[in-house]
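Chains as they are written, first to last, in the numbering used here: chain A, 12 to 434; chain B, -14 to 455. Note that CB positions come from ideal geometry on N, CA and C, so glycine has one too. To start, the structure under review is shown below, and the notes come after it.
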């Protein structure tokens, strides 16, 4: 294997040129790529493969491309750009940043790619490359980063604010070594007042099922998902380190979280944690508990549809558990949307787009809301705080009468029909 | 490349005419336009750059761009989905790419007259989705159906696997609106399926690869959605055994939508009995009773030709491969290319034998496992295959010799070089294998008459006289 230049043993920049036997010297690329890690290596490889192919199938059903309609705003556009950047052909500029961050990381495109290119992973690495090379973040993302650095949450709230949602659960503070199950709430559910009904509903449901669980309350730290998605690896590693230490000290057997972003991050971006402790999304947890309960739940009369969050669906492939729960509630009629499961359309809330480009995010959310409305359902149920936020914003903007709620809230609505007492 | 000062003037002019957001000139924005899915010589991925890209939304905006280009004799490249295989969209002389992706609206659906009028940048998939709401279908299913646009498909004379019953896009065009090289707007004729007046002007823009004008609107024939759909699929010992069944089917009067014959690498993964790697299927559509009768007829043919009928589920799974395998097909470490040729059926075996054992073998070119023999069954009977481009110093030269050899073989047997992907750059220099110098001169005359300054996608499709005569 030839190397692209003499400064580094990195061969990736011109792997293909080398394979043809022609040697293209490029003094820039290896110097730039000299300190890359495996995720960046994989991204460079993805960008090379995509640059060779350029079929553009990724544009089909790409929510960002559909809104903006520019070739560069697509996985292909990003891959080709990253390829040229990594070759040193062009230098990063504001357009580069726009293209890199105009992605929801929804992975819808990956379903269509027969080559199995991991475009979302490559986009995260592309963003990391920009951050590592001192390219300034978009101003909205900068605010998130500063907040994470100062308060360990992206929403500029104090650490103490994290326990506000849990006034009725203050006695649930986790006792290391004693409590077996941790309910890891996550920043958005804990701090967004409009969403706090969800963690409360899950905590009440866990009590209803007799679960002995604990909370970290103000000691909980952001999982780092936001930092990772916008490419701030140093900050992510810091947060991951803190969390891993704390979670190990907690000595729990199971972590339950209702946030799909936290779930994906803890499960897939903390390489060791999943081997040490069982990590469950609340939909998995509730489906098991409802199954074990073996008795009919109290009824909730409504027609509902379900939106698969990208982090729970395409990333973690959890499609059945939420549907099993919906199917277990008497009186509830379920209607599937025209695009669901792995083909589900993103709500527009992922990948930092909502912060960076709120109008585009809202336009995408409106489309998803229209999908839901087309089913004739009264309620749109989902399992991620970001999806609830985005879809509620769309409902508000369009004057939609559709109720947007999390699955935990729906389950508690059922369980509490009996006065909240276990039958 | 455009002179720098002139480029600044044109940028300002077009930004004013179209709006700043619809004129792109920065490197990051131009990169995706450096090539289509064409196999470039090694290291030339980013060799050819356009000077500008414009994203018009209306015919008037296209006119504004064409007029500026005409005034300054600047090359123009009309672009659709960008998925062309033969380099039709490579900006070899720089210039302005007219990207039609924002021209993606349905203008009119006529249920009684069975047509749809669309802007050129709408994808085939989007047209089908839209028409489904009216109980209609365009019935154009090419591998690139998710990304190929109507304008691109017409300009490439794209294939459709549903060709036997519904024809290809070439058979669907009723009328076109085209912005010509001087900026004038041509309406090729009324939006009727048949007329006995005048030249069929729309026909010269089919497969013209953007060398004659910019298609800005297309009226296409559509059909009511069928009441029933079925796929009948049989497994055979090999390609040739499956082909026997296909030939027999083509010799009957059964109306099928389209079909394929090919060989699977491992048929057992698709429900085939061990060793039965040959596949033959036909798709059937129509009224319920019609399709029931066709299914029974096809099952009988498969039985009589020694085929093993696939389960309905396996048949549907294999049927889905057609468009699925197209996406990402070239994102592999082993660099390959494909051919899509049309040869007379009685010469098919001779063609494949000579192709792999002589033409390709001589250049050290090997087939991609599982894609050695493949036939689209029906009246357009397109034969194809995929091969690895050899690595090493001489690899590219060997590949080019092999590609030309394929063209020589196909045309010597009375066939055509390309039944699907157009000419572009890939086949341009040996188009004289298929067309006489007189025929090429007629093409040049048409080109000269419509585009005297040669600004419309210059250097594509038609070989230059000089090159031909040396």
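Residue from the options with nearest C-alpha to residue i
i                      : options                       : result
residue 322 of chain A : A:117, A:85, A:222 and A:350  : A:117
residue 369 of chain B : B:181, B:346 and B:403        : B:403
residue 263 of chain B : B:358, B:92 and B:-2          : B:358
residue 27 of chain B  : B:406, B:381 and B:387        : B:381
residue 177 of chain B : B:296, B:187, B:280 and B:-6  : B:187
residue 68 of chain A  : B:432, B:110, B:319 and B:122 : B:110
residue 67 of chain B  : B:195, B:333, B:120 and B:353 : B:195
residue 157 of chain B : B:199, B:101, B:163 and B:45  : B:101
residue 256 of chain B : B:447, B:300 and B:216        : B:300
residue 398 of chain B : B:328, B:379, B:405 and B:342 : B:328
residue 209 of chain A : A:397, A:269 and A:240        : A:269
residue 311 of chain B : A:199, A:64 and A:245         : A:64
residue 146 of chain B : B:412, B:258, B:166 and B:364 : B:364
residue 19 of chain B  : A:92, A:410 and A:385         : A:92
residue 408 of chain B : B:450, B:324 and B:316        : B:324
residue 240 of chain B : B:220, B:171, B:271 and B:230 : B:271
residue 50 of chain B  : B:98, B:69, B:-2 and B:89     : B:-2
Chain B contact residues for residue i, given Cβ-Cβ distances below 7 Å
i                      : result
residue 125 of chain A : 309, 310, 312, 313 and 314
residue 110 of chain A : 13
residue 68 of chain A  : 131, 132, 312 and 313
residue 92 of chain A  : 13 and 16
CA-to-CA distance, residue j to residue i, given in whole angstroms
i                      : j                      : result
residue 470 of chain B : residue 299 of chain A : As displayed, chain B neither begins before -14 nor continues past 455, which places residue 470 of chain B out of reach and without an answer.
residue 224 of chain B : residue 395 of chain B : 19 Å
residue 122 of chain A : residue 297 of chain A : 28 Å
residue 47 of chain B  : residue 57 of chain B  : 16 Å
residue 164 of chain A : residue 336 of chain A : 31 Å
residue 292 of chain A : residue 120 of chain A : 24 Å
residue 78 of chain A  : residue 87 of chain B  : 10 Å
residue 83 of chain A  : residue 38 of chain B  : 12 Å
residue 193 of chain B : residue 42 of chain B  : 22 Å
residue 213 of chain B : residue 268 of chain B : 11 Å
residue 457 of chain B : residue 6 of chain B   : Here chain B has residues from -14 to 455 only, and residue 457 of chain B is not among them.
residue 37 of chain A  : residue 99 of chain A  : Residue placement at residue 37 of chain A cannot be trusted, given a pLDDT of 38 that sits under 50; the coordinates are not used to answer.
residue 219 of chain A : residue 408 of chain A : 36 Å
residue 20 of chain A  : residue 97 of chain A  : Below a pLDDT of 50, predicted positions are generally treated as unreliable, and residue 20 of chain A, at 30, falls in that range; the measurement from the model is reported next regardless. C-alpha separation (whole angstroms): 15 Å.
residue 40 of chain A  : residue 58 of chain A  : The predicted position of residue 40 of chain A is uncertain, since its pLDDT is 42 and thus under 50; no value can be drawn from it.
residue 258 of chain A : residue 138 of chain A : 28 Å
residue 330 of chain B : residue 295 of chain B : 26 Å
residue 259 of chain B : residue 373 of chain B : 27 Å
residue 134 of chain B : residue 107 of chain B : 5 Å
residue 94 of chain A  : residue 212 of chain A : 47 Å
residue 86 of chain A  : residue 230 of chain A : 38 Å
residue 31 of chain A  : residue 308 of chain B : Residue confidence is low: residue 31 of chain A scores 28 on pLDDT, short of 50, so the model does not pin down where it sits. No coordinate-derived value is stated.
residue -14 of chain B : residue 315 of chain B : 29 Å
residue 286 of chain B : residue 361 of chain B : 18 Å
residue 30 of chain B  : residue 62 of chain A  : 7 Å
Contacts that residue i makes with chain A (C-beta to C-beta distance below 8 Å)
i                      : result
residue 11 of chain B  : 104 and 106
residue 456 of chain B : As shown, chain B starts at -14 and ends at 455. That puts residue 456 of chain B outside it, with no answer to give.
residue 18 of chain B  : 82
beta-carbon residue i near the ligand NAD non-hydrogen atom, thresh 7 Å
i                      : result
residue 375 of chain B : Annotation note on the ligand NAD: not contained in the displayed structure, which lists no ligands.
Partner residues on chain B for residue i, Cβ-Cβ distance less than 9 Å
i                      : result
residue 88 of chain A  : 13, 14, 16 and 17
residue 95 of chain A  : 12, 13, 16, 19, 30 and 31
residue 128 of chain A : 313 and 316
Partners in chain A for residue i, counting only beta-carbon separations shorter than 7 Å
i                      : result
residue 432 of chain B : Within 7 Å Cβ-Cβ: nothing; residue 432 of chain B doesn't reach chain A, min ~27 Å.
residue 66 of chain B  : 67
residue 107 of chain B : Result: empty, since nearest Cβ-Cβ is about 11 Å, beyond 7 Å.
Contacts that residue i makes with chain A (C-beta to C-beta distance below 9 Å)
i                      : result
residue 121 of chain B : Neighbours of residue 121 of chain B on chain A: none; closest Cβ ~18 Å, over 9 Å.
residue 417 of chain B : The contacting residues do not exist; residue 417 of chain B stays about 29 Å from chain A at best.
Would you check if the stretch 6 to 20 of chain B and the stretch 102 to 110 of chain A touch, i.e. whether three or more CB-CB distances between them fall below 8 Å?
yes
Whether or not the stretch 303 to 310 of chain A and the stretch 270 to 277 of chain A are in contact is what I'm after, with contact meaning three or more pairs of Cβ atoms, one per stretch, closer than 8 Å; do they touch?
no
Quick check for students: name the residue ranges of the beta strand (DSSP E) that lie wholly in the stretch 358 to 420 of chain B, counting only runs of 3 or more.
359 to 362 and 367 to 373
In chain order, each alpha helix (DSSP H) run of at least 4 residues that lies wholly inside the stretch 215 to 266 of chain B
224 to 235
The stretch 70 to 80 of chain A in contact with the stretch 356 to 367 of chain A per 3-pair CB rule at 8 Å:
yes
Does the stretch 122 to 131 of chain B touch the stretch 149 to 156 of chain B, meaning 3 or more C-beta pairs lie closer than 8 Å?
yes
Within the stretch 86 to 174 of chain B, ranges of the alpha helix (DSSP H) (whole runs, at least 4 residues):
109 to 117, 135 to 141, 148 to 151 and 154 to 157
For the structure I just gave you, are there three or more beta carbon pairs, one from the stretch 236 to 245 of chain A and one from the stretch 203 to 217 of chain A, closer than 8 Å?
no
Cβ contact (3+ pairs, closer than 8 Å) linking the stretch 430 to 448 of chain B and the stretch 409 to 422 of chain B:
yes
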